[in-house]
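Read through the structure below, which is laid out as structure tokens, and then see the notes.
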Amino acid sequence: MTTTTPAPAAGIPVGPGLSMFDPIFVGIDEFGQPVYITLAYRNLLAGGEPGGGKSGLLNCIAAHAALSVDSRLVLLDGKLVELGQWEDCADAFIGPDITEALTVLRRLQVVMNNRYAWLRAHGRRKLTALDRLSVITVLVDEIAFFSATVGSKQEQEEFVALLRDLVARGRAAGIPVVAATQRPSFDIIPTSLRDLFGYRAAFRCTTPNSSNIVLGHGWAEQGYSATDIQPTNQGAAYLIAEGGVPRRIKVAYLSDAQIAGIADYAAWIRRPGGLTSPTDAPADLGLAA
Numbered sequence: 001m002t003t004t005t006p007a008p009a010a011g012i013p014v015g016p017g018l019s020m021f022d023p024i025f026v027g028i029d030e031f032g033q034p035v036y037i038t039l040a041y042r043n044l045l046a047g048g049e050p051g052g053g054k055s056g057l058l059n060c061i062a063a064h065a066a067l068s069v070d071s072r073l074v075l076l077d078g079k080l081v082e083l084g085q086w087e088d089c090a091d092a093f094i095g096p097d098i099t100e101a102l103t104v105l106r107r108l109q110v111v112m113n114n115r116y117a118w119l120r121a122h123g124r125r126k127l128t129a130l131d132r133l134s135v136i137t138v139l140v141d142e143i144a145f146f147s148a149t150v151g152s153k154q155e156q157e158e159f160v161a162l163l164r165d166l167v168a169r170g171r172a173a174g175i176p177v178v179a180a181t182q183r184p185s186f187d188i189i190p191t192s193l194r195d196l197f198g199y200r201a202a203f204r205c206t207t208p209n210s211s212n213i214v215l216g217h218g219w220a221e222q223g224y225s226a227t228d229i230q231p232t233n234q235g236a237a238y239l240i241a242e243g244g245v246p247r248r249i250k251v252a253y254l255s256d257a258q259i260a261g262i263a264d265y266a267a268w269i270r271r272p273g274g275l276t277s278p279t280d281a282p283a284d285l286g287l288a289a
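In UniProt numbering, the protein residues as written are 1 to 289.
Here it is in structure tokens:
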């Protein structure tokens with residue numbers, strides 16, 4: 001008996017089918033086991049000395065977000081080059097301009113407040129994948145650039161206040177924040193801000209105090225110190241989740257060529273009429289013209 005396989009129905013998307021509510025692969029642990037994080041209801045802080053691998057972690061998350069059908073990207077990169085290859089996938093890409101950064105953060109705050117009003121009207125406390133609202137992933141490469149380097153003191157203080165508000169309230173509204181800094185100090189990451197991040201990754205640090213500023217007070221004294229990471233072991237870090245114990249991981253590395261390929265494909269599926277169709281229009285968010 002001859003059977004014929006039916007042809008695929010027209011309109012079925014050929015794509016990765018990722019979601020921001022799915023676990024995100026970020027690397028392997030010291031036993032070679034894969035490490036995943038679920039970012040939709042968490043925020044992530046990465047800190048450590050320059051060249052430690054923070055940008056590698058950010059790019060892993062950016063790749064997953066760019067390929068997710070329910071995600072939108074907002075990128076703040078003072079150096080332009082760490083997250084620059086994802087610009088065509090993002091609703092907003094902010095370079096070394098604190099005025100523009102403040103404008104986007106204020107708009108995100110409005111979106112967050114609107115979503116909470118919607119949740120309250122429906123007797124809910126957080127968004128879920130069934131709501132079909134896009135997860136707005138905010139990536140900030142180098143907090144210190146916007147909070148302590150450019151702009152006036154008033155602008156820097158407003159940036160910290162807006163970022164703190166997004167980190168504190170954005171999770172349940174589908175606006176997770178991933179932030180990195182190469183200056184893990186109390187003036188850049190005060191304890192009140194650090195403790196709002198559900199995930200924290202400490203890459204190589206020069207002092208136990210810097211490691212504790214990222215992971216939390218006392219972990220270095222218990223043997224979990226990022227000073228133990230060798231300078232040549234780029235991408236190695238201690239990762240801690242809420243209420244957990246730090247685990248040694250090696251962050252997955254994407255080369256520039258791999259990032260370019262993923263970003264090009266992600267931009268193609270995000271084009272008007274492409275495979276992805278976020279529920280929120282750019283005009284609704286005020287993040288794009």
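We put the beta carbon where it would ideally sit given N, CA and C, even for glycine.
| field | Supposed contact pair Ala226 and Cys205 - C-beta distance, whole angstroms, cut 8 Å | value | 4 Å
| Cβ shell of Gly170 (< 7 Å), same chain only, five flanking positions each side left out | If we look at Gly170 and ignore the five residues flanking it on each side, its Cβ neighbours are Met112, Pro176 and Val177.
| task | Assign Gln85 to one of two classes, buried (16 or more other C-beta atoms within 10 Å of its C-beta) or exposed (fewer than that). | result | With a threshold of 16 other beta carbon atoms within 10 Å, Gln85 meets it and is buried.
| Leaving out five residues before and five after Ala57 in sequence, what residues of the same chain have Cβ atoms less than 7 Å from its Cβ? | The sequence given here has Leu at residue 57, not Ala. Closer than 7 Å at Cβ, skipping near neighbours: Val26, Ala46, Ala201 and Val251.
| request: Could you tell me the boundaries of the alpha helix (DSSP H) in which Ala101 lies? | output: Ile98 to Ala121
| said: Assuming contact is defined by CB atoms lying nearer than 8 Å, are Val104 and Val135 in contact in what I supplied? | reply: no
| Close-in-space but distant-in-sequence residues of the same chain around Asn43 (CB under 8 Å, 5 per side omitted) | Val167, Gly170, Arg171, Pro176, Val177, Val178, Ala179, Leu196, Phe197, Gly198 and Tyr199
| Selected residue, minimal CA-CA separation from Ala161, among Leu193, Leu254 and Gly32 | Leu193
| If you measure from the CB of Val214, is any heavy atom of the ligand HEM nearer than 7 Å? | Ligands are entirely absent from the displayed structure, and the ligand HEM is therefore not among its contents.
| Secondary structure of Ala201, DSSP reduced to three states | strand
| Span of the beta strand (DSSP E) holding Pro34? | Pro34 to Ile37
| field | CB-CB length for Ile188 against Ala117, believed under 8 Å | value | Not confirmed; about 33 Å, so no contact.
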